[in-house]
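Here's the structure, in structure tokens; my notes come after.
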Amino acid sequence: MSKQIRLGILTPSSNTALEPLTFQIVSSIPNVSVHFSRFPVTAISLSAKGLAQFDHSVIMRAAELLAHAEVDMIGWSGTAAGWMGFEGDEKLCEAITKVTGIPATTSVLALNKALDIFKVKKLGLVTPYLDDVQERIVKNYNAIGVEVTSGTERHMRVVKNTDVALIGEDALETLVGQVVEGGAEAVSTFCTNLIAAHKVELWEAKYGVPVLDTVTTVTWDMLKQCGVDTKAIKGWGRIFQEA
Numbered sequence: 000m001s002k003q004i005r006l007g008i009l010t011p012s013s014n015t016a017l018e019p020l021t022f023q024i025v026s027s028i029p030n031v032s033v034h035f036s037r038f039p040v041t042a043i044s045l046s047a048k049g050l051a052q053f054d055h056s057v058i059m060r061a062a063e064l065l066a067h068a069e070v071d072m073i074g075w076s077g078t079a080a081g082w083m084g085f086e087g088d089e090k091l092c093e094a095i096t097k098v099t100g101i102p103a104t105t106s107v108l109a110l111n112k113a114l115d116i117f118k119v120k121k122l123g124l125v126t127p128y129l130d131d132v133q134e135r136i137v138k139n140y141n142a143i144g145v146e147v148t149s150g151t152e153r154h155m156r157v158v159k160n161t162d163v164a165l166i167g168e169d170a171l172e173t174l175v176g177q178v179v180e181g182g183a184e185a186v187s188t189f190c191t192n193l194i195a196a197h198k199v200e201l202w203e204a205k206y207g208v209p210v211l212d213t214v215t216t217v218t219w220d221m222l223k224q225c226g227v228d229t230k231a232i233k234g235w236g237r238i239f240q241e242a
């Protein structure tokens with residue numbers, strides 16, 4: 000009998016997309032279970048209140064609760080490092096492991112691993128965020144040598160997180176197509192409350208580039224670090240077959 004693997008996922012409190020999508024992604028692997036712990040996040044902005052939601056002390060309390068379940072890996076299924084800086088996620092993972100003894104990763108760190116594996120130098124960035132949030136994300140990717148231009152980014156200026164989950168598939172598909180037309184070598188649907196992961200394979204076939212959804216990236220990285228053969232996951236994109 001295969002060893003039971005428990006994945007622990009840190010979840011924004013207002014997120015209604017990532018839990019059902021994550022369950023579906025791992026459903027073909029019988030020895031993997033997924034467990035969630037929430038902390039307060041209701042709106043995305045660069046205001047003091049908006050940034051304070053992602054204070055590591057708050058996230059750590061949720062991580063410690065996951066540790067009670069003796070999970071094998073902890074993943075932060077969120078994208079705040081995009082606008083707050085990638086080093087923040089690195090420090091968060093170090094803190095989680097130091098306190099719980101459990102290895103950790105995040106959606107954004109996993110995305111950056113995948114960009115390296117796929118050798119992506121020009122990224123298509125599709126998000127629901129405000130102008131200033133998007134500008135920060137673009138700046139942070141350009142700073143690590145992953146180019147995002149006006150032609151390869153689209154954002155929808157949504158603040159309230161529950162409204163993000165209401166963005167329709169057709170609207171997302173249009174934006175994915177636009178950034179590919181703008182020259183993107185790969186696309187990220189960059190927000191874990193976008194209901195997009197289940198469309199990735201269709202978009203990859205239609206547009207001919209990898210599509211790296213941030214619900215998917217953290218799940219992929221957790222499984223890889225737990226020694227799971229991700230090729231068993233079919234229908235959820237090239238990342239599981241090629242990375």
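Numbering-wise, the sequence shown is residues 0 to 242 according to numbering that gives the first Met the number 0.
Virtual Cβ for every residue (Gly too), placed ideally from N, Cα, C.
Source: prediction; values computed, not measured.
For P19, the uninterrupted alpha helix (DSSP H) run begins and ends at L17 to V25, by DSSP. Apart from sequence neighbours up to five positions away, the residues of its chain that approach D131 with a beta-carbon distance below 7 Å are L45, ordered along the chain.
For T10, the enclosing beta strand (DSSP E) starts and ends at I4 to P11. Between A94 and G87, the C-beta spacing is not below 8 Å. If you ignore the 5 residues before and after F22, its C-beta comes within less than 8 Å of the C-beta of V33, all in its own chain and listed in chain order. Distance from the CA of T151 to the CA of G176, rounded to the nearest whole angstrom, comes to 10 Å. Assigned with DSSP and collapsed to three states, L122 falls in strand. If you look at H55, you'll find it in the alpha helix (DSSP H) that goes H55 to H67.
Counting other Cβ atoms within 10 Å of its Cβ, D228 stays below 16 and is therefore classed as exposed.
By the CB criterion at 8 Å, L124 and V137 fall inside the cutoff. For T105, the enclosing beta strand (DSSP E) has its first and last residue at A103 to T105. DSSP places E152 in the strand class (E or B) of the three-state scheme. With a cutoff of 8 Å on beta-carbon distance, V208 and A170 are scored as not near each other. Pairing T99 with V119, the inter-Cα distance amounts to about 34 Å. Pairwise C-beta distances place the stretch 106-115 in contact with the stretch 208-217, as three or more of them are shorter than 8 Å. Where G49 is concerned, there is no enclosing beta strand (DSSP E), although the alpha helix (DSSP H) around it starts and stops at A47 to A51. Take the alpha-carbon of T104 and the one of V147: they are about 24 Å apart. Here the C-alpha atom of T126 lies approximately 11 Å from the C-alpha atom of A195. With a 10 Å radius around the Cβ and a threshold of 16 neighbouring Cβ atoms, N141 comes out exposed.
Per DSSP, the beta bridge partners of K159 are A42.
In the DSSP annotation of this structure, the continuous segment of the beta strand (DSSP E) that includes A185 starts and ends at A185 to T188. With fewer than 16 neighbouring CB atoms inside 10 Å of its own CB, I116 falls in the exposed class.
In the DSSP assignment, I73 falls within the beta strand (DSSP E) that extends over M72 to W75. Here the C-alpha atom of F38 lies approximately 14 Å from the C-alpha atom of G7.
Beta-bridge partners of F35 (DSSP): I8.
Taking V179 as the centre and dropping the five residues before and after it, the same chain places the C-beta of G123, V186, Y206, G207 and V208 closer than 8 Å to its C-beta, in chain order.
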